[in-house]
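If you're matching positions, the sequence shown starts at 205 in our numbering and goes up one per residue.
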Amino acid sequence: MKLLTTYKGILLTLTIFILSSICNLPDSSASKQRLNVTWKPDAGPPVKIGVSSMITPVDTVKYYQEIIDYIGERIGRPVQMIHRRTYKEMDSLLKNGDVKVAFVCSLSYIKDQEEFGAKLLVAPVVNGRTTYHSYIIVHKDDSINSFAQLKGKVFSFTDQRSNSGRLYPVYLLKTMGTTPEKFFNRYIYSYSHNKSVELVAKKVVDGASVDSLVYEYMLKNNSPYAKQTRIIKRSPPFGIPPVIVTRDINPELRNKIRDAFLNINNDPKGRAILDAMMIDGFVTINTKDYDSIRVMERSIKDTVVSVKREKGKQTLYIGVIPRDNPRILYEKYQPLVDYLSERTPYSYELALKKNYEETVNAFGKGEIDIALLGPLTYLEAHKRYGAVTILKPKGIDNNATYKSVVIKRKDSPFKKASELKGRAVAFSASKSTSGNLMPRYLLANSGIHLSELRNYTNFDYHDSVVKAVLKGQYDAGAVRDSVARKYMKLGIEIIAESMPIPTGPIVVRPDMQLSVKEDIKKALLELDPSNTRYQTILNKLDDDYKNGFTETSDNDYEDIRVKINAVPKTCGKGCHPKIRL
C-alpha cells in the first residue's frame with residue numbers, strides 16, 4: 205500500500221540507510237543518528253513528520269528525507285522525519301499527538317479518521333493519477349491462473365493495515381464465502397511489497413498481494429524478482445496513500461505545510477526532488493476518493509482483525525538483537541516464528557528494532573514478549589526489567605559458546621593486536637559483547653588503550669565492521685567469530701581472539717505465564733538438527749542456533765557481568781555503556 209517502495213521493509217531499510225551513511229564518519233559519532241532538520245535559530249521546536257507510506261523505491265529512499273527537508277525550508281521551521289516499522293505504530297503516534305503530519309497508507313487514513321478525526325492534507329500524483337491498484341501475483345512458471353486456484357497454497361500479505369497488501373485479497377475471499385484461515389494452507393506477512401515479490405520469485409510462497417506502483421516500478425527497472433512473476437488479478441482503482449494531519453494541528457501551520465506541498469513543483473529544487481521520487485506533484489484530494497476502501501473495510505469488519513485475534517490465539521512478539529539489517533533478520537527468523545506458531549497454541553510476530561538499545565527498551569515496555577539477546581543485552585534486560593532466561597543456543601561446536609575476534613585484511617603489514625597503536629579500529633554496537641566489550645579487553649591485554657588508537661568507531665552491524673576493514677577504511681575490526689569466518693575467503697584474517705563467551709540467551713518477560721513459557725521452551729528443545737524438516741529452520745538462523753537449544757541460567761553470564769561492572773574502574777574515556785549490571 206505504498207507508492208513505489210516497500211512499506212514496512214522500507215522503513216527498516218531507511219533506518220539502515222541513514223545509519224550506514226553516518227558510519228562513514230571518522231570518529232565515534234558514527235553510531236549516532238543525525239537530526240534531519242532545517243531551521244532558523246528562532247523558529248521554534250521541530251515539526252515532526254511521520255513516514256509509514258513511502259513513495260520511493262529502496263535505492264532512492266534518501267529523497268524522502270529531501271522532500272521533508274524541503275518542506276521545512278518552505279515553512280521556515282525545523283523538521284524531523286519520524287519513521288516507524290508498522291502502520292499501526294505510526295497511527296499510534298498520530299493518535300497520541302507525537303506526530304502531527306504523516307505519510308500513511310489509504311486504509312490507515314480511513315481508520316485514523318474514524319478513530320481520532322485525522323484529516324486529509326494532500327496526495328501525490330503518480331503517472332498523472334491519484335489512484336493505484338492491488339495486484340495478485342504468482343510465479344511465472346506456475347500453472348495458477350486465477351485467485352481461486354490459490355486455495356490450499358501459501359500466501360504472502362504485507363501488513364495487517366495494508367489495503368493493497370491485505371484488505372483487498374481478504375475482501376475477495378469474503379465474496380467467495382471464506383477467510384484466509386480457511387482458504388490458504390498458510391499465510392505470512394512480508395512487511396514489504398517488493399519483499400512479497402521476492403518471496404514469490406523464490407517460490408517461498410505461491411502467491412502474494414502487492415502494490416501496483418511498486419510492482420510496475422520493479423518491472424520498469426528490470427528487477428530479476430519481478431521478471432519471475434506474473435499478475436493473475438488486478439483490483440479496481442483505489443485512492444492513493446495520502447499525507448494526513450491530526451485534527452488539532454495549528455491551522456496556520458497546516459496551511460503552510462499544505463501550500464509547500466502544492467507548490468513544490470514550481471521551483472527547480474522542488475522539481476528535481478519530485479523527479480527523483482518519480483512523482484508528478486501533490487494535489488488536494490477528496491475523502492470520497494477512499495469510499496471504495498471503506499466499503500471493503502465495512503464488509504469484512506468481522507474478519508479483518510489484528511493478528512492478536514486471528515484464530516483466537518494470543519499473539520507473542522519476538523525481538524532479535526540486530527546483528528544484521530532488519531531485512532536479513534526477517535529472512536533468518538521468520539521460519540522460526542512460523543514453526544512456533546504451528547507447534548504452540550499461540551501466534552507470533554517479529555518485532556525488529558533498529559539497534560540493541562531499542563530492542564532492550566521495547567522488551568521493558570512490553571512491546572516484546574520473547575527476545576533473542578546477547579550476553580550483555582541480556583544482563584541489562586535482566587537488571588532493568590527482570591528478563592528471565594529459558595534457553596540458549598548450543599553454538600557452532602555444540603558447547604554453547606562463541607568468541608570475539610579482532611580482524612584485519614591479509615595484506616595489512618601488521619600481524620598482532622599489539623601493533624594497533626596509532627591505527628584505526630572499527631567496533632560493533634556499543635552494547636555488543638563480542639563486538640565491543642570483549643575486544644576492548646583484548647586490546648587492553650595487548651597494552652593498548654582507546655586513547656592510543658588513531659580513531660575508532662562503533663558500527664551497528666558486525667557485517668558493516670568487516671566491510672569497513674575490507675574497504676581499507678579501518679585497519680582492524682572487532683566482530684563475532686562466526687561473522688569473521690564468513691568473510692575469510694574475501695581476504696580477512698584473525699589476529700586476536702577472546703576466551704569462550706557463553707551464547708546469548710532466549711529470554712521472556714517476568715510476568716509471562718508458566719504454561720506459556722513451558723510451551724515455548726518445549727517447542728524449541730524439539731528442534732533437532734538431525735531432523736530434515738527442523739534442519740531447514742535451524743540452518744536459516746545465525747550460526748550459533750544451527751545445532752538447536754539447551755538449558756541455561758543467569759549464572760552462565762556472571763563472568764560477563766563482572767567484566768562490564770569493572771569497566772568504569774579501568775576506562776577514563778567514557779566509551780563503554782554507562783550501566784552497572
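Beta carbons are placed, not taken as given, at the ideal position from N, Cα and C, and that holds for glycine.
Residues that residue i bridges to, as DSSP identifies them
i	result
P617	Answer by DSSP bridge pairing: none, since P617 is not bridged.
S360	I392 and A412
E701	V609
P597	F753
M380	Its beta-bridge partners do not exist; DSSP assigns none.
E553	Y521
S338	D415
K252	Q284
Span of the beta strand (DSSP E), counted from its first residue to its last, around residue i
i	result
L324	K323 to V329
H176	Since the first and last residues shown for the chain are 205 and 785, residue 176 lies out of range.
R163	Here the chain comprises residues numbered 205 to 785, so residue 163 is not present and cannot be evaluated.
L576	I574 to L576
F486	G485 to V487
A648	Note, A648: premise wrong, no beta strand (DSSP E); alpha helix (DSSP H) at M642 to N649.
A680	A680 to R684
Cα-Cα separation, residue i to residue j
i	j	result
M703	A405	43 Å
I698	S655	23 Å
S686	A480	39 Å
L544	I392	13 Å
S439	D346	21 Å
N367	S310	7 Å
S256	V303	12 Å
T593	N743	23 Å
Q432	H343	6 Å
H337	D295	23 Å
M500	T335	16 Å
K690	D601	16 Å
P428	I444	26 Å
S178	L478	Shown here, the chain extends from 205 to 785; a query on residue 178 therefore has no answer.
I340	V766	55 Å
V326	D471	19 Å
M380	F387	10 Å
T661	A633	9 Å
R458	V449	8 Å
G695	A621	17 Å
L540	D715	23 Å
Element boundaries [alpha helix (DSSP H), containing residue i]
i	result
R737	T736 to K744
L354	No alpha helix (DSSP H) holds L354; DSSP gives it neither H nor E.
A480	P472 to M481
V499	D495 to S503
V564	Y560 to G568
Local conformation of residue i per DSSP, three classes
i	result
R786	This structure leaves residue 786 out entirely; the chain is present only between 205 and 785.
Q538	helix
V418	helix
V508	Because V508 carries a pLDDT of 43, less than 50, the predicted location of this residue cannot be relied on, and no value is offered for it.
K344	coil
V720	helix
Q269	helix
H287	strand
E656	helix
E730	coil
N662	strand
I461	helix
V766	helix
A591	coil
V308	coil
V670	helix
R689	helix
K630	Contrary to the premise, residue 630 reads as Ala rather than Lys in this sequence. Three-state result, A630: strand.
K424	helix
Per-residue burial, residue i [other beta carbons within 10 Å of its own, 16 or more giving buried]
i	result
A630	buried
Q717	exposed
E385	exposed
G411	buried
G301	exposed
T809	Because the chain spans 205 through 785 in this model, residue 809 falls outside it and cannot be assessed.
A352	exposed
P282	buried
M757	Here the sequence assigns Ser to residue 757, which means Met is not the residue at that position. When all chains shown are included, S757 counts as exposed.
P373	buried
E553	buried
D615	exposed
E730	exposed
Chain C within 7 Å of residue i, Cβ atoms only
i	result
K607	The question asks about chain C, but that chain is absent: this structure has only one protein chain.
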